[in-house]
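Q: Protein chains in written order, with the working numbering: chain A, 59 to 371; chain B, 59 to 371.
There are 2 protein chains.
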Amino acid sequence: MTQPLALGIDIGGTNTSYGIVNRRGEILEKGSMSTTGHAATQDYFAAMTKTLTPLINKFGRENINGVGIGAPNGNFFTGEIVFAPNLPWHGVIPIARTVSEALGLKATLTNDANAAAIGEMMYGAAKGMKDFILVTLGTGVGSGFVANGQMIYGHDGFAGELGHVIAVRDGRKCGCGRNGCLEAYASATGIVRTAHEWLNQRDTNTLLRPGKGSITAKMIHDAATQGDALALELFDYTGKILGQTLADMVAITSPEAIIFFGGLAQSGELLLGPVHKYMEENMLNIFQNKVALLQSALPDADAAILGASALAW
Amino acid sequence: MTQPLALGIDIGGTNTSYGIVNRRGEILEKGSMSTTGHAATQDYFAAMTKTLTPLINKFGRENINGVGIGAPNGNFFTGEIVFAPNLPWHGVIPIARTVSEALGLKATLTNDANAAAIGEMMYGAAKGMKDFILVTLGTGVGSGFVANGQMIYGHDGFAGELGHVIAVRDGRKCGCGRNGCLEAYASATGIVRTAHEWLNQRDTNTLLRPGKGSITAKMIHDAATQGDALALELFDYTGKILGQTLADMVAITSPEAIIFFGGLAQSGELLLGPVHKYMEENMLNIFQNKVALLQSALPDADAAILGASALAW
């Protein structure tokens, strides 16, 4: 008995993960390869072809409906990656076309946050929802907005840049060159920046005083779970900035839920507690106490593959 | 020869406008009645029935596909108006059901800004667009967000509250009880509030110095067209607040265009010039120079009727 399958590929800054997925969202086989360490872009695609061709042959090319690809700054409409600061390549890379030609299968691209949103909608915390927001809290802040059961791509495929909404007018510098973007505060790197600022300004006793290397979001998480006051305040502040911004987003798309995904989201209530409190405090009355804040129901590694694969259906 | 028709009703704070519309968006007959001055809600509906029944009979009940109603705070899903501060009624009014029973026709409700967005999409400046934002700048600020060719209603029908996005953190008080809402700055009443604040603070020579009654948005418009520096600065400031907020909205839905509708929008370039300048200045690079700012292509009075009528198809 053959069943229709999809190949999901998640291109990350360090690793490229892939998996063969069936319509029920079961990953039948998965693996990963390095994204970096290739002399040129074509060497990366050659390595991908060498890795994936045996996998495709194993499950039968005729059974594979198509390839779905998630990548930072991936554009659904053009199939291109455009100036992705977290990938080793520069300029515009025609990912969908290149992968399609290399593997001999139809290929569709979207950005990693949109792929995660589709994964949650088909197989995860957003199953059955028609209106929700997926927020990825990792090195940066990404998002996928779903309305009427459809991903909002915008007219050019670039919609969903929640990380570059101005959270603090004239605030700190963002990697994009502007000031005060949400990403500069509510990402793993953002909370670390806040920690450094506060440690420079204050004389507080905290587990976060440097000694063994530079501060990481993981260290702040660990200190907070041990009751460290500064670490807890860092989560409160980060949650405030994020909650205020999300209150504004709710006013626009009125989602049933906001789903959090990625490294910083794994801090769970430490972060989502403050996010919830400040979001409710800042929300127009008609939206209060209606929006669920949920953690992703998919394991991080799988969600990206599942989301990407869902593009192939 | 009969053609399919729709009855569009726009319920405003002062007047209720209505019209019989064909599929091409031609208003075959229109009129209006007072929204206020009725002792009770049922008297208003009785007056509406008395006014509209002859119109329905004239065009033939069998030719009328249905009734579309636009009203402030109208909810598409429930057919109810919920706590509309600008209407004479309080609490929850089941408009769609009441009108349907009174007129014997299927009736659908949405809020006035959504109705205007649908009108622009079917017959106006957004014809053929699948991703755009309609912004109404009147007494308040309303909006309709369209993505993938569909109105974003949100899970509960309350989406599109652009007027209650926080434009100035800890800014001036809004009618909703919160601080710094866009509506408190970028509406007809908002620009008048700014004018009052500045006149109290400054000693500038301006045409806006009170003398003949209180300041209106129209007076500020007229002064600006005569080159009054303070009036021009008022448009610049209002455009700045609006442009900054729209830059954030573009990052979420990446629209092809933003269409402006309502009294304050009729100031045209006086307002849209600054809006455009500050929106571009505050926008993430991938969105720059791509979003058209347009004025509504429908006469104000007709757009509301046309938009409402479009719900009936």
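For each residue, glycine too, the CB sits at the ideal point set by N, CA and C.
Whose Cβ in chain A lies nearer than 7 Å to the Cβ of Val150/B?
A: Within chain A, no residue comes near Val150/B; the closest Cβ sits about 12 Å away, beyond 7 Å.
Q: Determine the extent of the beta strand (DSSP E) in which Asp68/A is found, giving its start and end residues.
A: 63-69
Q: With three or more C-beta pairs closer than 8 Å as the rule, is the stretch 151-170 of chain B touching the stretch 283-303 of chain B?
A: no
Q: Step through the CB atoms of chain B and report whether any lies within less than 8 Å of the CB of Val193/A.
A: no
Q: Measuring CB atoms only, is the stretch 81-91 of chain B touching the stretch 197-210 of chain A, in the sense that at least three cross pairs come out at less than 8 Å?
A: no
Q: Can you pull the chain B residues whose beta carbon is under 9 Å from the beta carbon of Asp189/A, in chain order?
A: Ile210, Tyr211, Gly212, His213, Asp214, Ala217
Q: For Ala361/B and Thr168/A, I'd like the C-alpha separation in whole angstroms.
A: C-alpha separation (whole angstroms): 37 Å.
Q: Compile a chain-ordered list of the residues in the stretch 314-347 of chain B whose CB is closer than 9 Å to at least one CB of chain A.
A: Glu314, Ala315, Asn340, Met341, Leu342, Asn343, Ile344, Phe345
Q: Among Ile153/A, Ile67/A, Lys188/A, Gly95/A, whose alpha-carbon lies nearest the alpha-carbon of Leu113/A?
A: Ile67/A
Q: Give the DSSP bridge partners of Asn169/A, in chain order.
A: Ala129/A
Q: Is Val125/B near Asn131/B, with beta carbons less than 8 Å apart?
A: no
Q: Alpha carbon to alpha carbon, how far is Tyr76/B from Thr311/A?
A: Looking at the two C-alpha atoms, the distance is approximately 29 Å.
Q: On a CA-only basis, which of Ala282/A, Ile176/A, Gly215/A is nearest Lys188/B? Give me that one, please.
A: Gly215/A
Q: Using a Cβ-Cβ cut-off of less than 9 Å, give me the residues of the stretch 120-142 of chain B that come near chain A, in sequence order.
A: Along the stretch 120-142 of chain B, going in chain order, the ones with a CB nearer than 9 Å to a CB of chain A are Asn131, Val140, Phe141.
Q: Considering just the uninterrupted stretch of the alpha helix (DSSP H) at Glu327/B, what are its terminal residues?
A: 327-339
Q: What separation, rounded to the nearest whole angstrom, lies between the Cα atoms of Pro313/B and Gln284/A?
A: 46 Å
Q: Please report the Cβ distance between Gly182/B and Ala355/B, rounded to the nearest whole angstrom; I am assuming they are in contact, meaning their Cβ atoms lie under 8 Å.
A: 4 Å
Q: Rounded to the nearest angstrom, how far is the Cβ of Phe318/B from that of Gln353/B, given a contact under 8 Å?
A: 6 Å
Q: So, do the stretch 323-338 of chain B and the stretch 298-309 of chain B have three or more beta carbon pairs nearer to each other than 8 Å?
A: Between the stretch 323-338 of chain B and the stretch 298-309 of chain B, the count of Cβ pairs shorter than 8 Å is three or higher; the stretches touch.
Q: Using the rule of at least 16 other Cβ atoms within 10 Å of the residue's Cβ for burial, across every protein chain shown, is His272/B buried or exposed?
A: Checking the sequence, you will find Ser at residue 272/B rather than His. Label assigned to Ser272/B: exposed.
Q: So what does DSSP say about Ile363/A, is it helix, strand or coil?
A: helix
Q: Taking Cβ positions only, does Met307/A come closer than 8 Å to chain B?
A: yes
Q: Determine the chain A residues that contact Leu220/B at a beta-carbon separation under 9 Å, and present them in chain order.
A: Under the 9 Å cutoff, chain A gives Ala309, Ile310.
Q: With a threshold of 7 Å on Cβ separation, who are the neighbours of Asp294/B within its own chain once the five nearest residues in sequence on each side are excluded?
A: Cβ-Cβ distances below 7 Å link Asp294/B to Pro332 in the same chain, with the five nearest sequence neighbours on each side left out; the list follows chain order.
Q: Would you identify the three-state DSSP class for Gly271/A, choosing helix, strand or coil?
A: strand
Q: For Ile176/A, decide whether its Cβ has a neighbour in chain C, counting only Cβ atoms nearer than 8 Å.
A: Included in the structure are the protein chains A and B, with no chain C among them.
Q: How many angstroms separate the CA atom of Ile224/A from the CA atom of Gly137/B?
A: 35 Å
Q: Rounded to a whole number of angstroms, what is the C-alpha to C-alpha distance between Ala337/A and Ile344/A?
A: The identity of residue 337/A in the sequence shown is Met, whereas the question assumes Ala. Rounded to whole angstroms, Met337/A to Ile344/A spans 13 Å at the Cα level.
Q: Assuming Tyr76/B is part of the beta strand (DSSP E), what are its boundary residues?
A: In this chain, the beta strand (DSSP E) harbouring Tyr76/B covers 73-80.
Q: Classify Ala183/A as helix, strand or coil using the three-state DSSP reduction.
A: coil
Q: Please classify Ser92/A as buried or exposed, where buried requires at least 16 neighbouring CB atoms within 10 angstroms.
A: exposed
Q: Kindly indicate if chain A contains any beta-carbon less than 8 Å away from that of Val223/B.
A: yes
Q: Apart from the five residues on each side of it in sequence, which residues of its chain come closer than 7 Å, Cβ to Cβ, to Gly218/A?
A: Ala171, Asn172, Ser201, Gly202, Phe203, Ile210
Q: By the criterion of Cβ-Cβ separation under 7 Å, what are the contact partners of Phe203/B in chain A?
A: Ile310
Q: Taking a cut of 9 Å between CB atoms, which residues from the stretch 230-254 of chain B lie near chain A?
A: Cys234, Gly235, Arg236, Cys239
Q: Hey, Gly326/B and Ala175/B: beta-carbon distance below 8 Å or not?
A: no
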